[in-house]
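Colleague:
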Amino acid sequence: MLVLMPEKDYKMNVYRDKGKGFYPITFIISIVTSTSIVLQNYIFTLFAILMLGLLALIISIAKTLNDVKNLGGISISYSTLTIIENEQIDIKMELKHQLFEVLRINKALMISDIGIKISKTIPRKIKNLLTIEILIHGYSGRHQIKGFIIFLEDPFLYFRYRIEILLKESLYIDIIPKQLYMEINVERNIPYISYEAHLSKHKGLGTNILGIREYFPGDDYRKIDWKATARALKLMVKEFETHLYRNVIFIVSIHDKFFLGDPPAIEILLQLLLNLSIRIVESGLNLGIGVITEREILISNKITRHNSKYIYTLLASVTWPLIIEKKSYSSANRIIHWFVNELVGRFCSESCLVVIFMDVIDYLDIENLKRILKELMIRRYILKTFLINPTLIRFITSSIDVEEFKDLNNEINMYKHVVKHFKEFNIVSSIADLL
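Here's what the structure looks like:
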């Protein structure tokens, strides 16, 4: 349980507005008071006094609430703040004040990023104790709750009140992505790695054969293993140690546009990265993951099949922005060259395959990719780049609005432009190839 103390842990603001009963009650009081003055009738005068007393009570409640600077200690309880996608978090908030005996709760909202929503609010009131149970669900990643808004009304609906409880430190919720149930041909899209490499290491004529895999168009026919082909009833080829890479780095550059839409592109991207990462480590390869956004950098330790749980932890740590900035460039892309060098130095003590996932937006991004390719080629490392265009991801997996087709067309044109730049190296593919 978390107990929030006033001034130290939270700040409170109270706002008042006219309720549904404001104009009817004001009109009735005005008519009755005017009539009692004109007619000087005992009954009308008594009724006018009662109505004015009611108004005095309403104003007294409003003044008292306006003078309230805090609600004392606020208790927030929850069983966990880490869930799997499609699950819900149950948060209970307890507030105690004498005003809750006369005020009634209308609804409650969160001050948070757009990636989480309240699915249900269950208010309970026992005398001056108000308990609000909030069920929360959202998309994959790390979410921030900056505060809560409670909407209250007096019994006569004369005034509506809005109490803002602003937390000094955000409450963080981690939502772990689920694996996609889809077949991804990783070998075809990410070459130079063998998925049977950890199973055997047979000696050939002076060359280490690390594994057998299915034949793909373009493979050297001299690598065909006829015995394996006969057993599998399809062409199988040998993979040799000198052509394979045991260390793989995933580097992901994410800008704010990935967090827009319903569902947003970030949801699909994190699910896809989870699928790819699990496939990599389960095949006996070493994996390093680096994620860079407009506001943070996340780097994993070396991940193998023995500690693959860290894949889930890292992807659930990608923080959703509170404010989404629409810019013509990506700050994350601007430092991708430095980020690649940082991760290569950390993970690549031997042969290495670097896989970059990024949305190329402008020519500076293309120049960054050129520099990365040149430096990796000098080190004899391999680069593979997947263009992760957010509008294209949403177009393929769900739907987009009519006004977004212009963005989709721009992304497709940029993809063609990038492919043309790197055509001779064959290092660029679209995220659509994996979906």
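The sequence shown runs 1 to 435 under UniProt numbering.
The C-beta atom is built at its ideal place from N, Cα and C for all residues, glycine as well.
Going by C-alpha to C-alpha distance, which of Asp401, Leu369, Leu152 sits closest to Val428?
Modeller: One-based indexing of the sequence shown puts residue 428 at position 428. Nearest option by C-alpha distance: Leu369.
Colleague: In chain order, what residues of the same chain lie with their CB nearer than 7 angstroms to the CB of Thr304, ignoring the 5 residues before and after it?
Modeller: Counted from its first residue, the sequence shown places residue 304 at position 304. Around Thr304: Val281, Asn286.
Colleague: Going by the DSSP bridge assignment, what does Pro6 pair with across the sheet?
Modeller: As a position in the sequence shown, residue 6 is number 6, starting the count at 1. BP columns for Pro6 point to Tyr10.
Colleague: Since Thr45 is in the alpha helix (DSSP H), which residue starts that stretch and which ends it?
Modeller: Numbered from 1 along the sequence shown, position 45 holds the residue referred to as residue 45. Element bounds for Thr45: 42-67.
Colleague: Please state the DSSP three-state secondary structure of Lys127.
Modeller: Here the question's residue 127 lines up with position 127 in the sequence shown. The DSSP-derived three-state label of Lys127 is coil.
Colleague: Under 8 angstroms, Cβ to Cβ, is there at least one residue of chain D near Glu164?
Modeller: As a matter of chain content, chain D is missing from the structure shown, which is built from one protein chain.
Colleague: Quick one: what's got a C-beta closer than 6 angstroms to Phe159's C-beta in the same chain, skipping five residues either side?
Modeller: Position 159 of the sequence shown, counted from the first residue, corresponds to residue 159. Hits under 6 angstroms: Arg16, Gly19, Ala62.
Colleague: So the beta strand (DSSP E) Phe250 belongs to, where does it begin and stop?
Modeller: Walking along the sequence shown from the start, residue 250 turns up at place 250. Run containing Phe250: 247-253, per the beta strand (DSSP E) assignment.
Colleague: Pair every Cβ in the stretch 77-85 with every Cβ in the stretch 98-111, then say whether three or more of these pairs are closer than 8 angstroms.
Modeller: The stretch 77-85 is not in contact with the stretch 98-111.
Colleague: Leaving out five residues on either side along the sequence, give the residues of the same chain with a beta carbon under 7 angstroms from the beta carbon of Leu157.
Modeller: Numbered from its first residue, the sequence shown carries residue 157 at position 157. Within the same chain, Leu157 has close Cβ partners Gly19, Lys20, Gly21.
Colleague: Sort Ser253, Tyr221, Lys11 by Cα distance to Ile361 and report the nearest one.
Modeller: Taking the sequence shown and counting its residues from 1, one reaches residue 361 at position 361. Of the candidates Ser253, Tyr221, Lys11, the one whose C-alpha sits nearest the C-alpha of Ile361 is Ser253.
Colleague: Which same chain residues end up closer than 6 angstroms to Met51 when comparing Cβ atoms and leaving out the 5 residues on each side of it in sequence?
Modeller: Taking the first residue of the sequence shown as position 1, residue 51 is located at position 51. So the qualifying residues of the chain are Ile29, Val32.
Colleague: Using only alpha-carbon positions, find the residue among Lys117, Arg346, Tyr363 that is nearest to Phe250.
Modeller: Here residue 250 is taken as the residue at index 250 of the sequence shown, counted from 1. When C-alpha distances from Phe250 are compared across Lys117, Arg346, Tyr363, the shortest belongs to Arg346.
Colleague: Who are the Cβ neighbours of Tyr415 in its own chain at under 7 angstroms, not counting the five residues just before and after it?
Modeller: For the purposes of this step, residue 415 is taken as the residue at position 415 of the sequence shown. Cβ within range, chain order: Leu387, Asn389, Ser430.
Colleague: Closest by CA to Asp67, which one among Asp401, Asn13, Phe148?
Modeller: Mapped onto the sequence shown, residue 67 falls at position 67. Minimum Cα distance to Asp67 is reached at Asn13.
Colleague: Grab me the residues of Ser371's own chain with a C-beta within less than 7 angstroms of its C-beta, minus the 5 sequence neighbours each way, in chain order.
Modeller: Here residue 371 is taken as the residue at index 371 of the sequence shown, counted from 1. Residue 371 is actually Arg in this sequence, not Ser. Cβ within range, chain order: His337.
Colleague: When we look at the beta-carbon of Val3 and count the other beta-carbons within 10 Å, is it buried (16 or more) or exposed?
Modeller: As a position in the sequence shown, residue 3 is number 3, starting the count at 1. Per the 10 Å Cβ criterion, exposed.
Colleague: Whole angstroms are fine: how far does the CA of Gln179 sit from the CA of Leu322?
Modeller: Translated into the one-based positions of the sequence shown, residue 322 becomes position 322. Translated into the one-based positions of the sequence shown, residue 179 becomes position 179. Those two C-alpha atoms are separated by around 26 angstroms.
Colleague: If Gly284 sits next to Lys302, beta carbons under 8 angstroms apart, how far is it from one beta carbon to the other, in whole angstroms?
Modeller: Stepping through the sequence shown from its first residue, residue 284 is reached at position 284. Stepping through the sequence shown from its first residue, residue 302 is reached at position 302. About 13 angstroms; that fails the 8 angstroms criterion.
Colleague: Can you have a look at Ser330 and say buried or exposed, based on whether 16 or more other CB atoms are within 10 angstroms of its CB?
Modeller: Looking up residue 330 in the sequence shown gives position 330. With 16 or more other Cβ atoms within 10 Å, it is buried.
Colleague: Do you know whose CA, among Gln40, Arg231, Met236, lies nearest Asp220's CA?
Modeller: Counting from 1 along the sequence shown, the entry for residue 220 is found at position 220. It is Met236 whose Cα lies nearest to the Cα of Asp220.
Colleague: Would you mind sorting Asp433 into buried or exposed? The rule is 16 or more other CB atoms within 10 Å of its CB.
Modeller: Here the question's residue 433 lines up with position 433 in the sequence shown. Asp433 is exposed by the Cβ-count criterion.
Colleague: Whose C-beta lies closer than 7 angstroms to the C-beta of Tyr215 among residues of the same chain, with five residues either side of it excluded?
Modeller: Residue 215 sits at position 215 when you count from the first residue of the sequence shown. Ile224, Leu235, Met236, Val237.
Colleague: Would you call the stretch 406-420 in contact with the stretch 349-356, where contact means no fewer than 3 C-beta pairs closer than 8 angstroms?
Modeller: no
Colleague: Taking the C-alpha atoms as reference points, what is the distance between Lys96 and Ile132?
Modeller: Locating residue 96 in the sequence shown gives position 96, counting from the first residue. Locating residue 132 in the sequence shown gives position 132, counting from the first residue. Each residue's Cα considered, the two are about 11 angstroms apart.
Colleague: Is any heavy atom of the ligand FAD found at a distance shorter than 7 angstroms from the C-beta of Ile29?
Modeller: The model depicted lacks the ligand FAD and carries no ligand whatsoever.
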